[in-house]
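Colleague: After the structure tokens below, expect a handful of questions from me.
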Amino acid sequence: MINQDVYNELLEKYKAHYGKAPTVVSYAPGRIEVLGNHTDYNEGYVFSAAINYGTFFAISTNDDNVNRIVAGDLMHEVTFPLTGATAVTKDTWANYVIGTVAGLNALKPQDKGFDAMFLGNVPMGFGLSSSAALEMCTAKAVCQLYAIAADNVTLAKIGQAAERDYAGCPCGLLDQISSLCGVEGMLVKTDFRTLDIETVDMGPSVCFLMCNPHAKHALVDGQYATRRQACEDAAAYFAKVLPHPVAALRDVSMAEWEAHKAGLDATVAKRAAHPIGEDERVLEGAALLAKGDLTGFGKLLFASHESSRTMFENSCTELDNVVEVTKTVEGVLGARLSGGGFGGSAVVLVETDKAEAAAKAIAAAYNAKTGADCEVSMIQPSRGASIVYPA
Ligand code: GLA
Numbered sequence: 033m034i035n036q037d038v039y040n041e042l043l044e045k046y047k048a049h050y051g052k053a054p055t056v057v058s059y060a061p062g063r064i065e066v067l068g069n070h071t072d073y074n075e076g077y078v079f080s081a082a083i084n085y086g087t088f089f090a091i092s093t094n095d096d097n098v099n100r101i102v103a104g105d106l107m108h109e110v111t112f113p114l115t116g117a118t119a120v121t122k123d124t125w126a127n128y129v130i131g132t133v134a135g136l137n138a139l140k141p142q143d144k145g146f147d148a149m150f151l152g153n154v155p156m157g158f159g160l161s162s163s164a165a166l167e168m169c170t171a172k173a174v175c176q177l178y179a180i181a182a183d184n185v186t187l188a189k190i191g192q193a194a195e196r197d198y199a200g201c202p203c204g205l206l207d208q209i210s211s212l213c214g215v216e217g218m219l220v221k222t223d224f225r226t227l228d229i230e231t232v233d234m235g236p237s238v239c240f241l242m243c244n245p246h247a248k249h250a251l252v253d254g255q256y257a258t259r260r261q262a263c264e265d266a267a268a269y270f271a272k273v274l275p276h277p278v279a280a281l282r283d284v285s286m287a288e289w290e291a292h293k294a295g296l297d298a299t300v301a302k303r304a305a306h307p308i309g310e311d312e313r314v315l316e317g318a319a320l321l322a323k324g325d326l327t328g329f330g331k332l333l334f335a336s337h338e339s340s341r342t343m344f345e346n347s348c349t350e351l352d353n354v355v356e357v358t359k360t361v362e363g364v365l366g367a368r369l370s371g372g373g374f375g376g377s378a379v380v381l382v383e384t385d386k387a388e389a390a391a392k393a394i395a396a397a398y399n400a401k402t403g404a405d406c407e408v409s410m411i412q413p414s415r416g417a418s419i420v421y422p423a
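Mapping the sequence shown onto the working numbering, position 117 (from 1) lands on 149, and the numbers just tick up by one.
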């Protein structure tokens, strides 16, 4: 089993805390966003992958008519009622669980409370979606324990609503879908209008590094929401000026943007260019991967970062420096910020046989350029969320 040591630690801690064994244990991974930035809520396309870091969630029912959730790293316990639970202001990690359970409750009310604990190894603040991993392992475990039938799209939407209503971030569905639908060794290409998912095998010659320069990363401070609003304002404008229907920026091409951008507020126009360009890059990337052109695919990652930096302005100096230094490192094919932005990590596409040396070279070059440290981790595209106990 992947991350067996984390699973073992969770079982031990669960037994010590609750004096019993769990009935169900689930697992959900974090994700990397490979190409297609801020396209999900614009009904566009994304290449992503579930990763080899994730969170386990252990649960059993109780007779106390209350839900208990313990964060296994902090060993803090939060209790909340079976129905009508609201967001907490202390131990705010619990909001991802409370919000997800509230969504599942609306599908099928629970008749008994639960005793639960989670433990994971998704590095926090890396932009690897530790919160979506927590929501999706909560969802999988609660569905199994209470025999709630729900497909992956329903679970992803419940996680998204938890982020919005309990944690304050109006995110799209990317993180949850990636955590649920990952396949070992594969990229996941999602169409966020139809929610059709394809898996794409990049082959063994390339892999990913995540580079974290430890810039502050906060999606809930309003930046994400203002970017999303600008995209929606731009879509409403294009719906008026274009001769065909526009439900979202997915329906607008770069050529149409170019022809009509003058009618938009200059900042809104710049913001809109990013997801429109990203959609085109994902489709071009799919065609390049089909031909096995990994060098061409890597160049699209660099172009994506440039668009983030100059048009969407969701990068930061630290991430710009990481991407810049990767261009000097042998074996690197492409690099870009991954996820919401304003901090977090850069994802690097690298030739597998040069990956270890490249990881060291990136950290050294970053340090030489900035005097600061950049943490580099190897990422393997991995399977999505599942029930791990009972097997
Ligand atoms: C965050 C959000 C996702 C997506 C990305 C940007 O990860 O949670 O829904 O919008 O940012 O692509």
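Yeah, the Cβ is synthetic: ideal placement off N, Cα and C, and Gly gets one too.
1) So which residues put a beta carbon under 5 Å from any heavy atom of the ligand GLA, going in chain order?
2) Assuming the contact rule is C-beta atoms closer than 8 Å, Phe150 and Phe112 should be a hit. Round their C-beta distance to whole Å, please.
3) Count the other CB atoms, across all protein chains shown, that sit within 10 Å of the CB of Met33; report buried if there are 16 or more and exposed otherwise.
4) Give the range of the alpha helix (DSSP H) segment to which Glu338 is assigned.
5) So within the region 194 to 274, which uninterrupted beta strand (DSSP E) runs reach at least 3 residues, ignoring any that extend past its ends?
6) Who pairs with Ala367 in a beta bridge, going by DSSP?
7) Can you tell me which of Pro202, His246, Cys213, Ala271 puts its alpha carbon nearest to the alpha carbon of Gly254?
8) Would you tell me roughly how many angstroms separate the C-alpha atoms of Asp405 and Ala53, rounded to the nearest one?
9) If you follow the beta strand (DSSP E) that Leu151 is part of, which residue opens it and which one closes it?
10) Relative to the C-alpha of Tyr198, which candidate in Cys169, Ala119, Gly159 has its C-alpha closest?
11) Using the C-alpha atoms, what's the distance from Asp207 back to Asp223?
12) To the nearest angstrom, report how far apart Leu241 and Pro275 are at their CA atoms.
13) Measuring alpha carbon to alpha carbon, tell me which of Ala400, Arg100, Val238, Ala182 ends up nearest Glu383.
14) Please determine if the region 58 to 71 and the region 304 to 322 are in contact, where contact requires at least 3 C-beta pairs separated by less than 8 Å.
15) May I ask you to list the residues that DSSP assigns as paired with Tyr39?
16) May I ask you to report which of helix, strand or coil DSSP gives His306?
17) Based on Cα-Cα distance, which residue from Thr71, Leu351, Cys263 lies nearest to His246?
18) Do the CB positions of Tyr73 and Gly204 come within less than 9 Å of each other?
19) Beta strand (DSSP E) containing Glu65: first to last residue?
20) Is Lys172 buried or exposed, if buried means 16 or more other CB atoms sit within 10 Å of its CB?
21) If contacts are defined as beta-carbon pairs under 8 Å, then Ser80 and Val220 qualify, I think. What distance do you get, rounded to the angstrom?
22) May I have the straight-line CA-CA distance separating Gly373 from Ser340, to the nearest angstrom?
Modeller: With the structure as the only source:
1) Asn69, His70, Asp72, Cys203, Gly204, Leu206, Asp207, Gly371, Gly372
2) Contact flag wrong, Cβ pair sits at about 15 Å.
3) exposed
4) 326 to 339
5) Taken in chain order, the whole beta strand (DSSP E) runs of length 3 or more contained in the region 194 to 274 are 218 to 223, 228 to 233, 238 to 244.
6) Val380
7) In terms of CA proximity to Gly254, Pro202 leads the group Pro202, His246, Cys213, Ala271.
8) So the alpha carbons of these two residues sit roughly 42 Å apart.
9) 146 to 152
10) Ala119
11) 14 Å
12) Per the coordinates, the alpha-carbon of Leu241 lies some 43 Å from the alpha-carbon of Pro275.
13) Checked all of Ala400, Arg100, Val238, Ala182; the closest Cα to Glu383 is Val238.
14) Output reads yes: the region 304 to 322 touches the region 58 to 71.
15) DSSP, once it has assigned bridges, lists no residue as partnering Tyr39.
16) Of the three classes helix, strand and coil, the one that applies to His306 here is helix, per DSSP.
17) Leu351
18) yes
19) 56 to 67
20) buried
21) 5 Å
22) 8 Å
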